[in-house]
Every structure is written in structure tokens, then in C-alpha cells.
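Okay, so here's the structure we're looking at.
Protein chains: 2
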Amino acid sequence: MPEIRYNIVTREWVIIATERARRPEEFAQANPRRGKTEAYVATCPFCPGNEHLTPPETMRLPEEGPWHVRAMPNKFAALDANASLVRRGTGMRRTITGAGIHEVIVETPLHDRTMALLEPREFERVIEAYRSCYERVTDDPRVAHATLFKNHGERAGTSLEHPHSQIVGTPIIPPRVRERMEIALRFYDEAGHCIICSTVEDELSDGARVVEENSDLVAFIPFAALTPFHLWIMPKRHTATFLEATDGELESLSRMLRSVLRRFHFGLENPDYNVSVRTPPREANGLKYYHWYVSFVPRVTRTAGFEIGSGMFINTALPEKSAEFLRGVKTEA
Amino acid sequence: MPEIRYNIVTREWVIIATERARRPEEFAQANPRRGKTEAYVATCPFCPGNEHLTPPETMRLPEEGPWHVRAMPNKFAALDANASLVRRGTGMRRTITGAGIHEVIVETPLHDRTMALLEPREFERVIEAYRSCYERVTDDPRVAHATLFKNHGERAGTSLEHPHSQIVGTPIIPPRVRERMEIALRFYDEAGHCIICSTVEDELSDGARVVEENSDLVAFIPFAALTPFHLWIMPKRHTATFLEATDGELESLSRMLRSVLRRFHFGLENPDYNVSVRTPPREANGLKYYHWYVSFVPRVTRTAGFEIGSGMFINTALPEKSAEFLRGVKTEA
Chain H
1 MPEIRYNIVT REWVIIATER ARRPEEFAQA NPRRGKTEAY VATCPFCPGN
51 EHLTPPETMR LPEEGPWHVR AMPNKFAALD ANASLVRRGT GMRRTITGAG
101 IHEVIVETPL HDRTMALLEP REFERVIEAY RSCYERVTDD PRVAHATLFK
151 NHGERAGTSL EHPHSQIVGT PIIPPRVRER MEIALRFYDE AGHCIICSTV
201 EDELSDGARV VEENSDLVAF IPFAALTPFH LWIMPKRHTA TFLEATDGEL
251 ESLSRMLRSV LRRFHFGLEN PDYNVSVRTP PREANGLKYY HWYVSFVPRV
301 TRTAGFEIGS GMFINTALPE KSAEFLRGVK TEA
Chain Y
334 MPEIRYNIVT REWVIIATER ARRPEEFAQA NPRRGKTEAY VATCPFCPGN
384 EHLTPPETMR LPEEGPWHVR AMPNKFAALD ANASLVRRGT GMRRTITGAG
434 IHEVIVETPL HDRTMALLEP REFERVIEAY RSCYERVTDD PRVAHATLFK
484 NHGERAGTSL EHPHSQIVGT PIIPPRVRER MEIALRFYDE AGHCIICSTV
534 EDELSDGARV VEENSDLVAF IPFAALTPFH LWIMPKRHTA TFLEATDGEL
584 ESLSRMLRSV LRRFHFGLEN PDYNVSVRTP PREANGLKYY HWYVSFVPRV
634 TRTAGFEIGS GMFINTALPE KSAEFLRGVK TEA
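Line by line, the protein sequences give chains H and Y. Heads up: the first sequence is residues 1 to 333, going by the working numbering. Heads up: the second sequence is residues 334 to 666, going by the working numbering.
Right under this line is the structure:
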């Protein structure tokens with residue numbers, strides 16, 4: 001019989017449709033990217049030697065010598081870094097000028113080196129770049145919140161093959177971020193604990209959905225995962241915002257996210273996916289009731305009318321089975 | 334310069350990224366379905382003569398003679414019509430048994446007759462079937478809310494070609510439905526008007542985003558449309574739930590939805606799309622502050638990490654331009 005599960009963190013219900021369930025391997029997709037790419041593509045603006053094709057660099061690692069990671073404004077930015085912030089409100093229609101920052105973080109000089117295949121030290125530099133960009137972008141007085149994310153593959157919304165992440169600093173705090181914080185606040189007032197800390201404890205004590213754990217973080221499939229193999233990486237120590245993570249925690253995150261990406265790369269044949277850092281805004285530094293984490297969403301299914309119409313989801317993979325499958329994947333080729 | 338717009342009905346912000354804007358025609362997609370289908374497919378469970386391949390019929394129109402529209406339980410139902418409703422709550426993990434109703438509404442006996450190409454009288458019968466199914470499904474004491482929707486094409490989440498809609502009766506009211514009602518309630522308490530009635534008035538008085546209008550309804554691109562060509566059809570007369578619409582209003586809806594689907598069919602080369610009826614639950618009959626409507630979402634773009642991470646959207650089509658384009662499309666071939 002199907003089961004309807006509640007995600008207490010996001011206030012979302014999901015139908016776990018076990019009758020329609022598929023075996024984990026069935027979510028693997030034939031990958032048209034494989035074997036088609038080169039390490040260097042002369043026309044790619046993110047390949048070394050083509051730095052003049054992008055807007056001026058805003059960050060590079062390492063600072064001296066050939067770059068391994070570099071950031072620059074998005075050439076087709078969704079927001080205008082030179083605009084001033086003006087709000088207009090007329091009855092039913094309210095607008096803000098599209099002032100903000102939209103940057104690209106190129107993760108490697110190698111065109112065909114997907115993130116899962118970066119060496120540990122290379123992966124660490126990407127996470128360092130995440131923090132550095134997050135800090136700089138949220139320093140802008142017009143930026144109320146920054147969203148850090150990565151799109152891997154066409155089904156995940158990218159057309160550019162060269163591995164990259166993006167950061168968008170918006171002049172508003174997204175309503176969904178506010179909503180999650182409200183949920184957490186009410187939980188804290190009732191239960192006396194951070195809702196993320198409580199989730200981490202609950203998942204570790206149950207164990208059935210845990211994929212891996214280290215001293216600083218745990219990776220697990222949420223009890224009410226909205227889509228097959230949807231995965232969260234949560235820090236064990238309470239720290240409200242991404243900026244409050246210590247260097248050690250970021251190193252742990254780097255190791256764990258790399259390992260998770262490799263489980264998908266080798267276990268589900270390099271599926272398309274989105275990663276995002278979910279953090280309360282920087283103004284929430286020190287907050288007791290909420291806590292940053294990383295969300296990983298492989299794009300192995302499509303949302304349809306039911307999801308659009310109701311906001312509920314139908315998941316055809318049992319979270320416990322998905323976790324068991326991922327635990328069994330070898331992360332070394 | 335880009336503009337950030339607020340959708341007062343859904344409490345969502347969207348970045349209208351005019352710098353990235355494409356011409357309306359560019360959203361047309363090559364349609365691999367076209368020319369490949371037959372009016373009758375021997376192996377299709379929805380084609381006439383194969384009625385024994387589906388679970389027993391729950392509704393048919395007309396009641397006598399060959400059917401034009403018929404409904405039956407979904408063979409791969411996400412919810413179990415024979416289950417009893419049990420809630421369990423243990424700390425962080427809450428569940429409900431997957432009790433509920435999941436039916437398919439076959440819109441036509443003809444395998445290759447997409448909804449846009451139904452004759453006016455055929456289209457009316459589909460809308461009659463919508464109401465009849467909605468009424469019957471929400472009569473079930475376990476059903477708290479029903480979601481009525483249609484998936485057209487693979488990008489919209491369907492693999493079955495034969496035109497059909499679906500209805501899912503869930504034992505809970507989806508949190509997003511509750512959320513929209515809360516937004517409407519606060520608006521009503523402040524403004525003294527239904528938020529949907531106010532939106533209809535505002536769009537009609539502005540006019541720039543209206544695609545078409547008749548005595549009962551208006552079809553328009555929302556001021557803060559989340560995705561290109563996202564479209565709402567709203568009734569002019571205040572009526573809380575879909576069940577409260579009069580026969581005349583449903584006839585008007587049938588004419589208008591048909592015309593809208595034809596604008597997309599002929600103007601944007603038959604794109605994949607989702608349609609859903611957004612209505613407060615049946616228990617809200619008579620409510621003053623909220624109001625049903627129909628949402629149409631063509632799947633001409635993909636959501637990516639920014640949308641997943643922030644809940645905000647980037648729309649590369651200016652709503653006023655999209656409406657202007659659609660107004661100009663001839664709906665007769």
C-alpha cells in the first residue's frame with residue numbers, strides 16, 4: 001500500500017507510491033554526454049586561454065600561477081550589477097528593479113572533468129570558492145540573500161558543458177527561505193531545539209536512510225524525499241548560516257559531497273542533477289532555530305500536473321531502499 | 334534592465350530577465366509527436382474496443398451509445414481506493430496510509446486527437462466529465478481534496494499518448510492549497526475583497542496581459558508569470574469552489590480553454606503543457622475570500638538549481654509581450 005509522508009522541515013507531503021516503485025538501477029539514464037567531450041574546447045569561454053571571452057574575473061584559486069577555480073559575472077546575468085535598488089508598489093502590482101549579482105564559478109580548467117571526478121584537493125578549492133563568493137556577494141549592500149547552486153546536465157537546466165556553479169545575489173530574501181525559517185521558528189518555540197539539529201539526530205538514530213556520515217556531517221535521503229534519490233547533507237554542529245561553518249567543516253563537506261557525487265556518477269550512470277546550498281540569509285548569523293545544509297536533487301524523473309496543481313509530490317522510490325542502494329555503491333572506479 | 338515582480342496571489346517573486354529575452358516564436362519547439370500517430374492504436378488501453386484492458390469504468394459520456402469521454406481508476410494508481418485512512422505520528426516522522434482515489438479521464442476515443450483539436454461539443458463533454466468526477470471523488474469521506482490536471486506530452490510528464498486527464502483525491506488538503514487560502518484570507522481582511530476578484534479587475538483594467546475575455550471569464554498572463562507563457566483563466570463572478578460554477582460558466586470555460594489551447598497549438602507548434610484546476614477544497618463552498626481558477630503551464634523551459642534553491646524563478650519572456658503574441662494567433666487552422 002502507498003504511504004503518504006510528511007516532511008516536517010519543509011511542510012510538504014509526498015506520496016511514496018510503492019506500487020509503482022522501480023528498482024534503483026532503473027533510474028540510471030543513458031548518458032549522451034559520455035565519451036563525446038574533450039578536455040579542451042577552443043570555443044568554450046570557460047576553457048584556459050579563453051579568459052578574455054568572459055567578463056573580468058572576480059576571484060581565482062590559487063591566487064598565483066595557473067587558475068584551478070575562477071569566478072566572474074555571468075555574461076547573461078539575470079540581475080544587473082550596476083543597477084540601483086528601487087521598489088515600486090501600485091495596488092496589485094509590485095516590482096523591484098533587477099539589481100543584484102549573478103556570477104559563474106568555473107570549477108576546473110578541464111572541460112570534460114565533471115565535478116564527481118575532481119581530485120580531493122581540487123574539490124576542496126571549489127568549496128573554498130563557494131565560501132569566498134558567498135561572502136563577497138552578500139557583502140553588497142543591495143543583496144539581501146545569495147543562492148548558490150550547480151546545474152549538471154541538460155535536464156538540470158544547463159546548456160554549457162564546462163563544469164561550473166553559479167551564485168545569484170537577490171535584493172530580497174526569497175519567500176521560500178522565509179517560510180522555512182518560520183516553520184523552524186515555530187518548531188523551536190514548541191520543541192526547544194533547532195529543527196535541523198533534531199532531523200540530524202533522528203536520522204542518525206534510525207539509520208535506515210543514512211548514506212554516509214563523518215565527524216562533521218551526515219548525508220541521508222529525507223524520510224519524505226520529494227523525488228527519487230533526493231538527498232540532504234546536514235552539519236551536525238548547530239551553525240545558522242553557511243558563513244559560520246569552520247574550515248574543518250568545509251573540508252568535511254568537500255569530502256562528503258565529492259563522495260556523494262561519485263556514488264551517483266558510478267551507481268546511477270552520471271545522472272543530471274542540481275545541488276544547492278540552503279542557508280538562512282547572512283543577517284541570521286548566530287540564530288538558534290535554523291541551520292544551513294546542502295540539497296542534492298538528481299533529475300531522474302519529471303514533475304507533472306499533479307505536482308504543479310497540488311504542490312504535493314509522488315515519489316516512486318522508497319527512501320530506505322534508495323539509501324541502501326547508495327551505501328552499496330563503490331566510490332572508486 | 335531586469336525587473337523583479339511580485340505575485341500577490343501566490344507570494345512568489347520572479348526575475349523578468351529581459352536581457353535574456355527571446356522572441357515568442359523562439360519558444361516553439363520541434364514536435365516529434367506530429368505526424369507519427371494514428372487515430373486508433375490496437376495496443377492502447379484507452380482506444381475503443383480495449384475497454385477490458387482498463388479497470389472498470391466509473392463514468393461515461395454520453396451515458397448511452399458509444400462513449401466520447403470515460404473515466405476509470407488509474408491502473409498504476411498512486412493511492413489505494415480500498416485502503417482505510419490511518420494517521421501515525423512518531424516524533425519527526427508522520428505518515429498517513431495512502432488511501433485515496435486516482436482516476437484517469439479519457440478525453441476522446443481518437444488516439445491522435447489532441448485536446449486542442451476537439452470540436453466545441455466534444456470539449457464541453459470533457460469539462461462536464463471534470464465536474465462529474467470532481468463531485469464524485471470529493472464525495473468519498475476519506476478524500477479531503479481533489480487535484481484535477483492534464484499532462485500533455487513527455488516534457489509535461491506523460492508517456493501515454495492517448496489524450497487523457499487525471500484526478501487525484503488525497504486524504505489531506507495540500508499545504509500549498511492551505512497557504513494560498515491563508516494569503517487570500519489576509520488580503521481579504523486588509524482589503525475587503527477576494528484576492529482573485531481583485532486580480533481579475535486589475536488585469537481587465539490594465540489590459541496589457543489579457544489574452545481573451547468573455548462574459549464569464551478572462552484568460553491572461555500573470556503580471557509575475559513564473560515561466561514563459563504561464564497563463565491563468567479566472568472566473569469573473571465570485572464563486573469559491575469549482576463545484577459552484579454554473580453550467581453556463583462551465584460552457585464559457587470550455588470555449589475559452591479550447592481557444593487558449595488552440596493559440597498554443599497553432600502559435601507555438603503544439604508545446605507540451607500542464608493544465609490544472611486550482612480550487613479550494615469542497616468544504617470551502619460559499620467562502621468569500623478565495624476563488625477557483627484554471628492554471629496553464631506550457632513546458633517550454635526547464636527549472637534549474639536557482640529555482641530549486643531559492644523558490645524564485647527567472648522568466649525570460651516579458652508577460653506583456655507573451656500576451657500580445659497570443660492575442661495575435663489565429664485559432665482556426
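In this text, a Cβ means the ideal position worked out from N, Cα and C, and glycines have one as well.
Residues of chain Y with CB closer than 7 Å to the CB of residue i, please, in chain order.
{"i": "K150(H)", "result": "G638"}
{"i": "N274(H)", "result": "A637, G638, I641"}
{"i": "F123(H)", "result": "None at all; the shortest Cβ gap to chain Y is about 18 Å."}
{"i": "V147(H)", "result": "Before going further, note that residue 147(H) is Thr rather than Val in the sequence given. In chain order: F639, G642, S643."}
{"i": "T199(H)", "result": "M425"}
So residue i packs on residue j, CB below 8 Å; how close in whole Å?
{"i": "Y290(H)", "j": "M181(H)", "result": "5 Å"}
{"i": "A71(H)", "j": "A129(H)", "result": "6 Å"}
{"i": "F264(H)", "j": "Y273(H)", "result": "7 Å"}
{"i": "V533(Y)", "j": "P504(Y)", "result": "Wrong, their Cβ atoms sit about 32 Å apart, outside the cutoff."}
{"i": "I348(Y)", "j": "I337(Y)", "result": "5 Å"}
{"i": "A317(H)", "j": "N484(Y)", "result": "Contact flag wrong, Cβ pair sits at about 20 Å."}
{"i": "V343(H)", "j": "F379(Y)", "result": "The requested residue 343(H) does not occur in the structure, where chain H is confined to residues 1 to 333."}
{"i": "N74(H)", "j": "V104(H)", "result": "5 Å"}
{"i": "S84(H)", "j": "T95(H)", "result": "Contact doesn't hold; Cβ gap of about 14 Å is too wide."}
{"i": "H397(H)", "j": "V106(H)", "result": "There is no way to answer for residue 397(H), as the model of chain H reaches only from 1 to 333."}
{"i": "L268(H)", "j": "A28(H)", "result": "5 Å"}
{"i": "P357(Y)", "j": "S655(Y)", "result": "6 Å"}
{"i": "W346(Y)", "j": "P280(H)", "result": "With 8 Å as the limit, W346(Y) and P280(H) do not qualify as a contact, their Cβ atoms being about 17 Å apart."}
{"i": "V277(H)", "j": "W292(H)", "result": "7 Å"}
{"i": "T227(H)", "j": "N315(H)", "result": "6 Å"}
{"i": "D216(H)", "j": "E249(H)", "result": "5 Å"}
I want to verify the contact list: residues of chain H whose CB lies under 9 Å from the CB of residue i, in sequence order.
{"i": "A416(Y)", "result": "M1, P2"}
{"i": "A656(Y)", "result": "Within 9 Å Cβ-Cβ: nothing; A656(Y) doesn't reach chain H, min ~14 Å."}
{"i": "T430(Y)", "result": "M1, P2, E3, I4"}
How would you list, in chain order, the residues of chain Y whose beta-carbon sits under 8 Å from the beta-carbon of residue i?
{"i": "P174(H)", "result": "W346, S643, G644, M645"}
{"i": "V168(H)", "result": "F639, S643"}
{"i": "T158(H)", "result": "A637"}
Starting from residue i, find everything on chain H with Cβ-Cβ shorter than 8 Å and list it in chain order.
{"i": "R427(Y)", "result": "R5, Y6, I8"}
{"i": "V510(Y)", "result": "S310, G311"}
For a contact meaning CB atoms closer than 7 Å, what does residue i contact in chain H?
{"i": "R611(Y)", "result": "G309"}
{"i": "A350(Y)", "result": "A78"}
Within the present structure, is the beta-carbon of residue i separated from the nearest heavy atom of the ligand GTP by less than 7 Å?
{"i": "A637(Y)", "result": "Ligands displayed in this structure: none; no statement on the ligand GTP is therefore possible."}
When the Cβ atoms of the region 587-597 of chain Y are set against those of the region 449-467 of chain Y, are three or more pairs found closer than 8 Å? yes
Does the region 436-443 of chain Y come within contact of the region 561-578 of chain Y, defined as at least 3 CB pairs closer than 8 Å? In short, these stretches do not touch, since the Cβ pair count stays below three.
If contact is defined by three or more beta carbon pairs under 8 Å, each pair taking one atom from either stretch, is the region 206-218 of chain H in contact with the region 320-328 of chain H? yes
Contact residues within the region 65-92 of chain H, judged by C-beta distance below 8 Å to chain Y: Cβ contacts with chain Y come from F76, A77, A78, L79, D80, A83, G91, M92.
Does the region 217-233 of chain H come close enough to the region 65-82 of chain H to have 3 or more Cβ pairs within less than 8 Å? no
Per the contact definition of three or more C-beta pairs closer than 8 Å, is the region 461-474 of chain Y in contact with the region 292-300 of chain H? no
To test your reading of the DSSP string, which unbroken alpha helix (DSSP H) runs of 4 or more residues are found completely within the region 218-270 of chain H? Fully enclosed alpha helix (DSSP H) runs of no fewer than 4 residues occupy 247-267 of the region 218-270 of chain H, in order along the chain.
Below 8 Å, can you find three or more Cβ-Cβ pairs linking the region 482-492 of chain Y to the region 515-524 of chain Y? Output reads no: the region 515-524 of chain Y does not touch the region 482-492 of chain Y.
Give the residues from the region 287-304 of chain H that approach chain Y closer than 9 Å (Cβ to any Cβ), ordered along the chain. S295, V297, R299, T301, R302, T303, A304
Compile a chain-ordered list of the residues in the region 202-231 of chain H whose CB is closer than 9 Å to at least one CB of chain B. Chain labels in this structure do not include chain B; the protein chains are H and Y.
Counting only Cβ-Cβ distances shorter than 7 Å, please list the residues of the region 32-62 of chain H near chain Y, keeping chain order. Nothing from the region 32-62 of chain H brings a Cβ to less than 7 Å from some Cβ of chain Y.
Cβ-based contacts, 8 Å cut-off: residues of the region 579-609 of chain Y near chain H: Residues N607, V608, S609.
When you check each C-beta in the region 113-137 of chain H against every C-beta of chain Y, which residues fall closer than 9 Å? none
Alpha helix (DSSP H) runs wholly inside the region 86-137 of chain H, at least 4 long, in chain order: With a minimum length of 4 residues, no continuous alpha helix (DSSP H) run stays inside the region 86-137 of chain H.
Counting only runs that start and end within the region 169-200 of chain H, where is the beta strand (DSSP E) found for 3 or more residues in a row? none
Pick out the complete beta strand (DSSP E) segments inside the region 610-666 of chain Y, 3 residues or longer, and give them in chain order. 626-631, 646-648
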